[in-house]
């Protein structure tokens with residue numbers, strides 16, 4: 001970073017009267033200006049060179065280009081909006097009047113859609129107008145209670161046009177560890193249950209695990225694991241987490257073995273009872 005007051009990298013003095021608006025192209029390589037001296041000028045931001053000058057018949061108050069930077073749209077103090085083709089060959093013939101006529105007072109701001117087919121303008125006559133660029137016709141007028149000083153065309157959000165769930169466009173920041181938040185008196189402790197324990201709890205609620213003592217044992221596992229994880233410090237957290245998982249796996253193996261023994265004994269008792277009934 002530079003120290004001291006900032007200095008301009010370029011200074012243009014070609015305009016003979018007040019500069020009323022400045023616009024940067026999509027590629028940020030060209031600068032478009034308009035002035036009350038009835039001229040539009042195009043400058044190169046790389047070299048600072050004046051590339052083109054367009055003379056019109058009214059004091060200009062707003063300027064914008066289409067996304068391709070093929071055309072300039074310049075609003076005037078008379079309410080007219082001029083369209084200038086930057087790459088049209090000069091044949092010597094009188095150019096056709098490419099103007100958007102509809103505003104009664106000075107045009108204050110302009111904006112173009114991403115496809116270059118629509119132009120939106122604001123004026124001191126308390127209206128904002130939407131124009132079809134190809135036909136130069138006003139297709140919509142928005143009335144306001146005061147002068148319109150700024151307009152901007154933005155794409156329609158995908159969430160309003162799609163029937164499918166849309167992921168958030170803004171990335172989420174990295175969350176801080178819970179151990180740091182637990183030391184804060186104003187913090188709120190949060191405990192997350194593992195998916196394995198949650199599945200066991202669901203099975204118990206559905207009656208898949210009949211012994212009540214085993215169900216109580218499994219239900220106490222998340223709180224114990226959560227208490228141990230809450231006391232862990234940042235260093236060595238992964239090692240302690242691995243130990244906790246190993247303990248849980250060992251405990252589940254023991255419970256599974258007891259379940260198997262209980263089920264096998266239950267089947268044998270049922271089979272024995274059936275044999276006794278058949279012998280009678």
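Residue numbers (full-length UniProt numbering): 1 to 280. Idealized CB from N, CA, C, for every residue including glycine. Since we're looking at a predicted model, the values are computed, not measured.
- The alpha-carbon separation between residue 256 and residue 248 amounts to approximately 12 Å.
- Here residue 16 is exposed, its C-beta having fewer than 16 other C-beta atoms within 10 Å.
- Between the alpha carbons of residue 55 and residue 42 lies a distance of about 12 Å.
- In the DSSP assignment, residue 161 falls within the unbroken alpha helix (DSSP H) covering 158-161.
- With a cut-off of 8 Å on Cβ pairs, the segment 156-163 is not in contact with the segment 124-144, counting fewer than three such pairs.
- Ranked by Cα distance from residue 114, the first of 47, 122, 20, 153 is 153.
- By DSSP's assignment, residue 248 forms no beta bridge with any residue.
- Only residues of its own chain outside the window of five on either side were considered, and among them 48 have a CB closer than 6 Å to the CB of residue 10, listed in chain order.
- Secondary structure at residue 123: strand, using DSSP grouped into helix, strand and coil.
- By the C-beta density criterion, residue 44 is exposed, having fewer than 16 other C-beta atoms within 10 angstroms.
- Exclusion of the five residues before and after residue 120 leaves 111, 130, 151, 153 as the residues of its chain whose Cβ lies within less than 6 Å of its Cβ.
- Residue environment analysis places residue 139 among the exposed positions, since fewer than 16 neighbouring C-beta atoms fall within 10 angstroms of its C-beta.
- Excluding residues up to 5 positions away in sequence, 33 lie with their Cβ nearer than 6 Å to the Cβ of residue 22 in the same chain.
- For residue 116 and residue 83, the gap between their C-alpha atoms comes out near 12 Å.
- Boundaries of the beta strand (DSSP E) harbouring residue 23: 19-24, taken from the DSSP string.
- In the DSSP assignment, the residues bridged to residue 137 are 132.
- Note on geometry: alpha-carbon atoms of residue 155 and residue 51 lie some 31 Å from one another.
- Under the DSSP assignment, residue 7 falls outside any beta strand (DSSP E); it carries neither an H nor an E label.
- Apart from the 5 residues on each side of it in sequence, residue 136 sits with its Cβ closer than 6 Å to the Cβ of 100 in its chain, given in chain order.
- Within the DSSP secondary-structure output, residue 110 pairs in a beta bridge with 121.
- Straight through space, the alpha carbons of residue 253 and residue 245 are spaced by roughly 12 Å.
- For residue 116, the three-state secondary structure derived from DSSP is coil.
- Distance from residue 65 to residue 122 at the Cβ level is roughly 17 Å; contact not present, criterion being Cβ atoms closer than 8 Å.
- When rounded, the separation of the alpha-carbon atoms in residue 259 and residue 267 is 12 Å.
- Residue environment analysis places residue 74 among the buried positions, since at least 16 neighbouring C-beta atoms fall within 10 angstroms of its C-beta.
- By the neighbour-count criterion, in which a residue is buried when 16 or more other Cβ atoms sit within 10 angstroms of its Cβ, residue 57 is exposed.
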